[in-house]
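2 protein chains.
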Amino acid sequence: MEKIQANMDILFNPNSIAVIGASNSPDKLGFHVMNSLTKGGYRGEIIPVNPNSEKVMGYNAFKSISDIKKEIDVAIVVLPANRVPDVFRECADKPVKGVVLITAGFKEIDDPVGVALHEEVALLANRAGIPVVGPNTFGMANFQVDLNASFTPEYSFLKKGDISLVSQSGGISALLGYLGMRMDLGFSKIVGLGNRLNVDFAHMIEYLMNDPDTKVIILYIEGIDEPRGLIEVARKYRGKKPIIAFKSGSARIGDQASMSHTGSIAGRHEIYYGSFRQTGILGTDSMESLLDTAKALAACPFPEGPNIAILSGQAGLGMVACDLCDADGLKIVPFNESTQKKINEILPPLALRTNPVDMGPAWYNSAAIKKIVRTVMGDTNINGIIFQMMFASANRDVVLVLTELLSSYRQQKPVISCILSPPGIWDEQVRSLEQSRSLVNYPTPDRAARAMANLRKYGAMQSG
Amino acid sequence: MEKIQANMDILFNPNSIAVIGASNSPDKLGFHVMNSLTKGGYRGEIIPVNPNSEKVMGYNAFKSISDIKKEIDVAIVVLPANRVPDVFRECADKPVKGVVLITAGFKEIDDPVGVALHEEVALLANRAGIPVVGPNTFGMANFQVDLNASFTPEYSFLKKGDISLVSQSGGISALLGYLGMRMDLGFSKIVGLGNRLNVDFAHMIEYLMNDPDTKVIILYIEGIDEPRGLIEVARKYRGKKPIIAFKSGSARIGDQASMSHTGSIAGRHEIYYGSFRQTGILGTDSMESLLDTAKALAACPFPEGPNIAILSGQAGLGMVACDLCDADGLKIVPFNESTQKKINEILPPLALRTNPVDMGPAWYNSAAIKKIVRTVMGDTNINGIIFQMMFASANRDVVLVLTELLSSYRQQKPVISCILSPPGIWDEQVRSLEQSRSLVNYPTPDRAARAMANLRKYGAMQSG
């Protein structure tokens with residue numbers, strides 16, 4: 001396994017890629033893989049392999065990988081399963097350093113032939129020290145080097161960033177990728193593990209923990225044959241980089257689906273979440289929450305304690321955030337004396353001036369709001385701020401004021417916001433605040449409060 | 465109260481509106497109210513009242529409402545609280561038929577003056593039979609007649625539709641409105657109740673249950689002094705139109721916030737949700753879920769039982785939806801024999817062909833997917849379908865095929881979908897499927913499954 005781990009870096013940063021099964025026909029996955037590489041802007045060499053074509057998409061094609069003179073770092077394989085063992089023998093001889101095996105029809109099918117093929121290919125890959133992403137995967141992408149080694153060219157629309165996703169399902173990878181595009185999130189690597197021939201969650205975590213381009217790791221898990229590896233590596237790197245996980249398969253019928261999907265029993269749900277807690281992995285319970293939490297963990301410092309201030313331009317938002325903070329382990333505590341005194345000077349008695357503060361009577365007065373945020377930012381009782389503001393014509397410039405203010409406080413305490421407006425208003429300012437990582441914004445008080453609670457949970461787990 | 469209820473229709477459909485406190489200065493709410501009416505395209509007469517201006521925004525202004533010769537249906541009041549009793553006397557004399565009282569500083573402030581003012585104004589309004597929205601409200605809107613009687617002109621960006629929102633918080637109204645814009649949802653009426661002088665949840669439900677433009681009613685509740693009225697009217701109209709409610713104030717600190725916000729104690733959370741169940745109101749637990757559920761209830765028939773089929777283009781999505789259906793009272797049951805036989809003919813053994821179906825091996829084959837959906841639509845064991853599909857280059861035309869298919873099955877069984885793509889791809893097709901109410905789409909399997917579960921819960925409550 002040492003050689004496999006050593007080859008991981010080449011797998012994600014290859015200088016040359018052979019597409020075995022490359023095709024000119026849009027009905028074939030090999031066509032879409034070629035498209036992903038070329039349209040994605042991959043800067044290394046792309047070499048199609050197809051015994052029946054001289055050229056694929058204008059690139060000179062070879063009959064087999066053995067016919068290629070040049071070194072090949074990575075092979076992407078999209079041939080039928082029964083032809084894969086021969087291809088792996090050639091890959092071992094060449095030798096290639098990594099394989100993305102998209103082909104399905106191995107351990108996940110209800111047929112001993114599939115299992116036998118899986119074992120044969122695994123033996124060949126392990127002997128040659130070739131790390132294999134797949135089989136039965138959509139592929140993988142390393143956005144940092146514009147490498148889209150999947151059958152979905154549109155993955156390349158994703159923004160570059162520092163979140164990496166390791167998923168047991170191509171569908172969930174696509175889902176999180178497309179949601180990420182719509183949330184303007186930046187990704188470093190997305191890897192579809194499929195049936196995990198010899199690259200499992202544990203290997204990916206080992207690799208990503210040492211990958212300078214990855215800050216937060218997301219896992220989507222259906223079932224693992226040997227969860228011990230994952231647990232050990234998570235424990236080894238505890239506190240180095242956040243890992244957030246979603247495990248599906250709580251429904252009993254899920255076991256059957258999982259077995260058929262990627263060849264593993266989903267297993268006892270609670271045991272997984274228990275192990276997550278014990279090893280410092282943050283478990284979440286929805287797809288949205290996976291991304292929401294990753295976004296906060298990538299951008300914010302952890303709150304040093306559970307004490308949160310809620311500052312809302314409209315009182316109702318404060319109440320909703322309050323409920324969720326309370327239910328999720330955060331505390332809406334009194335301000336220290338001098339903070340409270342200053343707020344009382346800024347806001348009229350008409351408003352709720354204690355935490356959760358209703359800044360309503362001042363929302364046409366950006367200077368007052370700025371003073372409140374600054375004062376609370378300096379309160380030693382407070383570990384984090386939830387700032388909420390709905391657009392109204394009369395508070396048009398609040399977000400601009402916030403931009404100026406928060407950039408000076410960047411990374412001191414986490415500021416999570418729920419700022420929302422009609423489409424096209426404030427969107428650019430909020431995006432710029434997020435890109436400078438001065439705050440992290442969500443469209444509802446629930447999601448904002450949940451993100452803050454997860455920041456705190458993760459922080460507390462690392463010290464606990 | 466009879467006269468008040470009789471005047472409700474004029475309140476929402478006035479032929480003429482006086483803005484008392486209209487202003488040319490953007491620092492005043494009276495400026496933004498004038499903007500909302502004019503930019504929103506209100507087609508009735510707009511008459512500003514301001515003793516210090518001859519004209520407001522080009523409209524002839526009057527010194528007081530008594531000086532106006534014409535009939536005035538509705539007065540929007542944005543004067544300071546202490547001047548409101550005199551204005552109400554004039555309104556009663558005129559007589560106007562309804563008032564939107566935006567002014568704050570009544571029962572919600574920690575001062576007996578506020579309570580006394582509230583009681584004085586209530587007496588005047590009740591004696592004259594004038595329904596009053598507010599005080600301490602952002603206002604209200606009736607999108608069906610392009611009436612935006614609020615201080616937020618941008619409300620008029622909302623699409624017309626058949627969902628009505630009654631909210632105790634202006635901030636939450638704005639939130640749900642802006643989220644609604646981003647979800648492309650259509651609204652009929654949005655009403656900010658504020659301190660509920662004489663128009664409370666009960667009156668609004670009575671009115672909306674008989675409003676032909678409203679199909680689904682959303683309530684955002686913080687605390688009600690006399691919940692009995694709400695319970696009685698909900699019981700009276702049980703089964704006529706769905707009511708969905710979110711109650712904030714589960715955190716103890718919320719009571720204080722609610723008292724200060726709209727002058728009522730939030731009260732015991734569980735008691736509210738218990739009453740909701742007993743009267744056929746569907747309680748939800750997040751802002752997103754309020755809108756997600758309203759969207760489904762407005763567009764879909766109820767599933768006649770808990771038996772759901774999950775058809776996914778990618779297996780992982782099916783597993784996640786399965787988990788949530790299972791946890792939320794839905795059943796993923798076997799198909800009847802002939803359905804299963806047909807699916808086995810369409811899909812290879814490689815796929816999970818039983819419920820939840822993994823259509824993966826056929827997702828480049830739209831005709832096969834069409835056959836599967838049609839077959840399951842006809843299965844008498846199945847009460848609703850969750851259809852899930854992530855975009856990939858190879859399944860580009862799936863959604864087009866779906867459009868053609870589902871329009872013929874419209875309203876037979878609920879079809880909830882999780883169809884997602886990179887921005888700009890499929891968006892138009894999905895929107896058109898939603899607008900024809902052939903399906904209801906959500907961006908994640910969790911939200912799709914939750915929407916189906918809520919459809920079923922609501923349906924079951926009406927028969928139970």
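From first to last, the protein sequence lines stand for chains A and B.
Mind the numbering: the first sequence is residues 1 to 464 in my numbering, read in order.
Mind the numbering: the second sequence is residues 465 to 928 in my numbering, read in order.
Built from N, CA and C at the ideal position, the CB exists for glycine as well.
Below 8 Å CB to CB, which residues in the same chain sit around residue i once its five sequence neighbours on both sides are set aside?
{"i": "Gln-608 of chain B", "result": "Lys-624, Ser-652, Lys-653 and Asp-677"}
{"i": "Val-538 of chain B", "result": "Ile-474, Leu-475, Pro-478, Ser-480, Ile-481, Ala-482, Val-560, Lys-561, Gly-562, Val-563, Val-564 and Ala-613"}
{"i": "Leu-324 of chain A", "result": "Pro-445, Asp-446, Ala-449, Arg-450 and Ala-453"}
{"i": "Met-287 of chain A", "result": "Ile-172, Leu-175, Leu-176, Leu-179 and Phe-246"}
For residue i and residue j, I'd like the C-alpha separation in whole angstroms.
{"i": "Ala-858 of chain B", "j": "Asp-9 of chain A", "result": "30 Å"}
{"i": "Ser-489 of chain B", "j": "Asn-365 of chain A", "result": "15 Å"}
{"i": "Leu-439 of chain A", "j": "Ile-385 of chain A", "result": "10 Å"}
{"i": "Cys-322 of chain A", "j": "Lys-806 of chain B", "result": "52 Å"}
{"i": "Ala-362 of chain A", "j": "Phe-31 of chain A", "result": "59 Å"}
{"i": "His-733 of chain B", "j": "Leu-347 of chain A", "result": "30 Å"}
{"i": "Gly-634 of chain B", "j": "Gly-598 of chain B", "result": "10 Å"}
{"i": "Tyr-59 of chain A", "j": "Ala-128 of chain A", "result": "29 Å"}
{"i": "Lys-107 of chain A", "j": "Ile-774 of chain B", "result": "23 Å"}
{"i": "Asp-790 of chain B", "j": "Gly-249 of chain A", "result": "10 Å"}
With a threshold of 16 other CB atoms inside 10 Å of the CB of residue i, please say whether the residue is buried or exposed.
{"i": "Gln-412 of chain A", "result": "exposed"}
{"i": "Ile-382 of chain A", "result": "buried"}
{"i": "Val-585 of chain B", "result": "buried"}
{"i": "Ile-735 of chain B", "result": "exposed"}
{"i": "Val-295 of chain A", "result": "Correcting the residue type first, residue 295 of chain A is Lys in the shown sequence and not Val. Lys-295 of chain A comes out buried."}
{"i": "Ser-463 of chain A", "result": "exposed"}
{"i": "Leu-746 of chain B", "result": "buried"}
{"i": "Ala-856 of chain B", "result": "buried"}
{"i": "Gln-388 of chain A", "result": "buried"}
{"i": "Glu-337 of chain A", "result": "exposed"}
{"i": "Pro-617 of chain B", "result": "buried"}
{"i": "Pro-887 of chain B", "result": "exposed"}
{"i": "Arg-741 of chain B", "result": "exposed"}
For residue i, which residues in the same chain have their Cβ closer than 6 Å to its Cβ, ignoring the five residues on either side in sequence?
{"i": "Phe-302 of chain A", "result": "Leu-455 and Gly-459"}
{"i": "Thr-375 of chain A", "result": "Thr-339 and Lys-342"}
{"i": "Gly-693 of chain B", "result": "Ala-666"}
{"i": "Tyr-42 of chain A", "result": "Asp-146 and Leu-147"}
{"i": "Met-854 of chain B", "result": "Gln-778 and Leu-884"}
{"i": "Ser-417 of chain A", "result": "Phe-387, Leu-439 and Asn-441"}
For residue i, collect the residues of the same chain with a Cβ closer than 7 Å to its Cβ; drop the 5 residues on either side in sequence, then sort them by chain order.
{"i": "Asp-358 of chain A", "result": "Ser-312, Ala-315, Gly-318, Ala-351 and Leu-352"}
{"i": "Thr-38 of chain A", "result": "Ile-46 and Met-57"}
{"i": "Met-498 of chain B", "result": "Val-483, Ala-486, Pro-512, Val-520 and Met-521"}
{"i": "Glu-90 of chain A", "result": "Ser-64, Ile-65 and Ser-66"}
{"i": "Val-474 of chain A", "result": "No information on residue 474 of chain A is available, as it lies outside the stretch 1 to 464 that chain A covers here."}
{"i": "Ala-946 of chain B", "result": "Lying before the first or after the last residue shown, residue 946 of chain B is absent from chain B, which here runs from 465 to 928."}
{"i": "Met-673 of chain B", "result": "Tyr-701, Lys-704 and Lys-705"}
{"i": "Thr-844 of chain B", "result": "Asn-800"}
Please identify the residue among the options whose C-alpha is closest to the C-alpha of residue i.
{"i": "Gln-168 of chain A", "options": "A:Met-140, A:Asn-441 and A:Pro-348", "result": "A:Met-140"}
{"i": "Lys-700 of chain B", "options": "B:Phe-526, B:Asp-689, B:Lys-679 and B:Ile-669", "result": "B:Ile-669"}
{"i": "Ile-332 of chain A", "options": "A:Ala-449, A:Ser-417 and A:Thr-444", "result": "A:Ala-449"}
{"i": "Leu-117 of chain A", "options": "A:Ile-425, A:Asp-427, A:Ala-81 and A:Lys-55", "result": "A:Ala-81"}
{"i": "Ser-871 of chain B", "options": "B:Ile-889, B:Glu-768, B:Ser-528 and B:Leu-897", "result": "B:Leu-897"}
{"i": "Lys-704 of chain B", "options": "B:Lys-711, B:Ser-714, B:Leu-761 and B:Ser-750", "result": "B:Leu-761"}
{"i": "Leu-330 of chain A", "options": "A:Pro-349, A:Lys-215, A:Glu-337 and A:Asn-307", "result": "A:Asn-307"}
{"i": "Leu-293 of chain A", "options": "A:Ile-243, A:Ala-251, A:Ala-309 and A:Tyr-273", "result": "Before going further, note that residue 293 of chain A is Thr rather than Leu in the sequence given. Nearest of A:Ile-243, A:Ala-251, A:Ala-309 and A:Tyr-273 to Thr-293 of chain A, Cα basis: A:Ile-243."}
{"i": "Ile-685 of chain B", "options": "B:Gly-656, B:Glu-696 and B:Tyr-671", "result": "B:Gly-656"}
{"i": "Gly-114 of chain A", "options": "A:Lys-215, A:Val-233 and A:Pro-85", "result": "A:Pro-85"}
Would you list, in chain order, the members of the segment 322-349 of chain A that have their beta-carbon closer than 8 Å to a beta-carbon of chain B? Taking 8 Å as the Cβ-Cβ cut-off against chain B, the residues of the segment 322-349 of chain A that qualify are Cys-322, Asp-323, Cys-325, Asp-326, Ala-327, Ile-332 and Pro-349.
Taking a Cβ distance cut-off of 9 Å, strictly less, list which residues of the segment 165-184 of chain A are near chain B, in chain order. So the close ones are Ser-167, Gln-168, Ser-169, Gly-170, Gly-171, Ile-172, Ser-173, Ala-174, Leu-175, Gly-177, Tyr-178, Leu-179, Met-181 and Arg-182.
Which residues, taken in chain order from the segment 144-158 of chain A, show a beta carbon closer than 7 Å to some beta carbon of chain B? Here the close residues are Phe-151, Thr-152, Pro-153, Glu-154 and Phe-157.
Near-chain B residues of the segment 423-456 of chain A - C-beta to any C-beta below 8 Å: Contact annotation: in the segment 423-456 of chain A, residues whose CB is within less than 8 Å of a CB in chain B are Pro-423, Ile-425, Pro-443, Thr-444, Pro-445, Asp-446 and Arg-447.
Please list, in chain order, the residues of the segment 30-50 of chain A that have any C-beta partner in chain B closer than 9 Å. Listed by position along the chain: Phe-31, His-32, Asn-35 and Ser-36.
Please name the residues in the segment 366-400 of chain A whose beta-carbon is closer than 8 Å to at least one beta-carbon of chain B, in chain order. From the segment 366-400 of chain A, only Gln-388, Met-390, Phe-391, Ala-392, Ser-393 and Ala-394 have a Cβ closer than 8 Å to chain B.
Residues from the segment 279-309 of chain A in contact with chain B, defined by Cβ distance under 7 Å: Here the close residues are Ser-286, Met-287 and Glu-288.
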